[in-house]
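J.: Okay, handing you the structure first.
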Amino acid sequence: MIQVLNLGHVDYTTAQQLQTTLVDLRKRGVIQDTLLLLEHSPVITMGRNAKQKNIVASQEILAQRGVELIECDRGGDVTFHGPGQLVGYPIFDLRSLNPKIGVIEYVRRIEEVLIRSCGDLGIPTTRVEGLTGVWTVNEPQAKIAAIGVHISRAVTSHGFALNVTTDLDYFKLIVPCGISDKPVTSMQHELGKSLTLEEVMPVITRNFGFIFKEQVLWLESLNDLLPTPEDLPARAPETLRRLHEDDLHLG
Numbered sequence: 014m015i016q017v018l019n020l021g022h023v024d025y026t027t028a029q030q031l032q033t034t035l036v037d038l039r040k041r042g043v044i045q046d047t048l049l050l051l052e053h054s055p056v057i058t059m060g061r062n063a064k065q066k067n068i069v070a071s072q073e074i075l076a077q078r079g080v081e082l083i084e085c086d087r088g089g090d091v092t093f094h095g096p097g098q099l100v101g102y103p104i105f106d107l108r109s110l111n112p113k114i115g116v117i118e119y120v121r122r123i124e125e126v127l128i129r130s131c132g133d134l135g136i137p138t139t140r141v142e143g144l145t146g147v148w149t150v151n152e153p154q155a156k157i158a159a160i161g162v163h164i165s166r167a168v169t170s171h172g173f174a175l176n177v178t179t180d181l182d183y184f185k186l187i188v189p190c191g192i193s194d195k196p197v198t199s200m201q202h203e204l205g206k207s208l209t210l211e212e213v214m215p216v217i218t219r220n221f222g223f224i225f226k227e228q229v230l231w232l233e234s235l236n237d238l239l240p241t242p243e244d245l246p247a248r249a250p251e252t253l254r255r256l257h258e259d260d261l262h263l264g
């Protein structure tokens, strides 16, 4: 079973805190495999392999554009998250899958979910040998979705970012994922029309169920996922302890 929750607009730091708590709960078997779907305010994140030179813009320009700069523990280099981008954070226990899978197969499955979803919505996409992510088929091949994950004791966090109506000018602030010779694109750019994140979410979710061979259950709110505040880990941030009161009304 994969539980799915649409969190709406959530700032990156809060999403990191939530993932940390959910990973702990998944390790202890308190929750089932969970897929968080959300959207971030403009932020550049630096993964474990990030190189400072791949941030092209100065701190002053980032501040003018209202873009945060945050280090994180996912794999990969530098990437951008922002409005119009569908971000997915699977909190999965890879040992619970049948059959069990490793990191490489897990990433390949996420790529396949995105490839099938883009195809269902009219955009042919593919993999590029030696690179992680999802790319358009037509030349010049452009990246439409980035993937960067973290795995701790077989439980996953972080995930994918699919450009739906993302303002692609933001990617000029960085060398996306450290790849300088391939452009970035969006579903809007490829289709010549806009889709809402809410239109894309059910397609992504359906394909997660198909590729991971699991039933999918949509949850109404975070209250349906989290245990009572008393059952949260002792180190859970106070912001998460208050979530039952405000149900993540963060923006």
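Following the numbering used here, the numbering of the sequence shown begins with 14 at its first residue and continues without gaps.
Using N, Cα and C, we set each Cβ at its ideal position, and we do this for glycine too.
1) Starting from L35, trace the alpha helix (DSSP H) both ways and give me its first and last residue.
2) Within 10 angstroms of the Cβ of V63, are there 16 or more other Cβ atoms? Answer buried if so, exposed if not.
3) Note down the Cα distance separating L238 from V36, rounded to an integer number of angstroms.
4) Classify A76 as buried or exposed, calling it buried when 16 or more other Cβ atoms lie within 10 Å of its own Cβ.
5) Using the C-alpha atoms, what's the distance from K206 back to H171?
6) Grab me the residues of Q98's own chain with a C-beta within less than 6 Å of its C-beta, minus the 5 sequence neighbours each way, in chain order.
7) For the stretch 77-84 against the stretch 150-159, do three or more pairs of beta-carbon atoms, one drawn from each stretch, fall closer than 8 Å, so that the two count as touching?
8) Could you tell me the distance, in whole angstroms, from the CA atom of G42 to the CA atom of E152?
9) What's the C-alpha gap between E124 and D24?
10) With distances taken between CB atoms, is the gap from R39 to V141 smaller than 8 Å?
11) What separation, rounded to the nearest whole angstrom, lies between the Cα atoms of R78 and T27?
12) Output the distance between the C-alpha atoms of L18 and M214, rounded to the nearest integer angstrom.
13) Name the DSSP beta bridge partners of T218, please?
14) Would you mind reading off the limits of the beta strand (DSSP E) that contains D46?
15) Any chance you could list the beta strand (DSSP E) runs of at least 3 consecutive residues sitting entirely within the stretch 61-91, in chain order?
16) I'd like to know whether the C-beta atoms of V69 and I187 end up nearer to each other than 8 Å.
17) Please confirm whether T58 and P189 have their CB atoms less than 8 Å apart.
18) Is H94 buried or exposed, if buried means 16 or more other CB atoms sit within 10 Å of its CB?
19) Give the secondary structure of I57 by DSSP, where H, G and I count as helix, E and B as strand, and everything else as coil.
20) Taking the continuous alpha helix (DSSP H) assigned at Q201, which residues delimit it?
21) What is the DSSP secondary structure of F184, counted as helix, strand or coil?
22) Could you give the DSSP three-state label for I136: helix, strand or coil?
T.: Taking the coordinates as given:
1) Here residue 35 refers to the residue found at position 22 of the sequence shown. Start and end: Y25 to K40.
2) Reading the sequence shown from its first residue, position 50 is the one you call residue 63. Correcting the residue type first, residue 63 is Ala in the shown sequence and not Val. When all chains shown are included, A63 counts as buried.
3) What you label residue 238 is simply residue 225 of the sequence shown in a count that begins at 1. What you label residue 36 is simply residue 23 of the sequence shown in a count that begins at 1. Approximately 13 Å between the Cα atoms of the pair.
4) Taking the first residue of the sequence shown as position 1, residue 76 is located at position 63. Counting Cβ neighbours within 10 Å, A76 comes out exposed, since fewer than 16 surround it.
5) Within the sequence shown, the letter at position 158 stands for residue 171. Within the sequence shown, the letter at position 193 stands for residue 206. Cα-Cα distance, rounded: 28 Å.
6) Indexing the sequence shown from 1 puts residue 98 at position 85. Excluding residues within five positions, the ones whose Cβ falls inside 6 Å are A174, N176 and T179.
7) no
8) In the sequence shown, counting from the first residue as 1, residue 42 sits at position 29. In the sequence shown, counting from the first residue as 1, residue 152 sits at position 139. So the two alpha carbons sit approximately 45 Å from each other.
9) One-based indexing of the sequence shown puts residue 124 at position 111. One-based indexing of the sequence shown puts residue 24 at position 11. Cα-Cα distance, rounded: 25 Å.
10) Numbered from 1 along the sequence shown, position 26 holds the residue referred to as residue 39. Numbered from 1 along the sequence shown, position 128 holds the residue referred to as residue 141. Their beta carbons are not under 8 Å apart, which means R39 does not touch V141 by this criterion.
11) The sequence position of residue 78 within the sequence shown is 65, counting from 1. The sequence position of residue 27 within the sequence shown is 14, counting from 1. The alpha-carbon atoms of R78 and T27 are separated by roughly 21 Å.
12) Numbered from its first residue, the sequence shown carries residue 18 at position 5. Numbered from its first residue, the sequence shown carries residue 214 at position 201. For L18 and M214, the distance between alpha carbons rounds to 10 Å.
13) Counting from one through the sequence shown, the residue named residue 218 turns up at place 205. Note: T218 sits in no beta bridge, so no partner.
14) Along the sequence shown, one-based indexing puts residue 46 at 33. Here the beta strand (DSSP E) through D46 covers D46 to E52.
15) 81-84
16) Counting from one through the sequence shown, the residue named residue 69 turns up at place 56. Counting from one through the sequence shown, the residue named residue 187 turns up at place 174. Their beta carbons are under 8 Å apart, which means V69 touches I187 by this criterion.
17) The residue given as residue 58 occupies position 45 in the sequence shown. The residue given as residue 189 occupies position 176 in the sequence shown. For the pair T58 and P189, the CB atoms are not nearer than the 8 Å cut-off.
18) Translated into the one-based positions of the sequence shown, residue 94 becomes position 81. Burial call: buried.
19) Here the question's residue 57 lines up with position 44 in the sequence shown. In this structure, I57 counts as strand in the three-state DSSP scheme.
20) Here residue 201 refers to the residue found at position 188 when the sequence shown is read from its first residue. Counting along the chain, the alpha helix (DSSP H) containing Q201 begins and ends at M200 to L204.
21) Counted from its first residue, the sequence shown places residue 184 at position 171. Helix.
22) Walking along the sequence shown from the start, residue 136 turns up at place 123. Three-state result, I136: coil.
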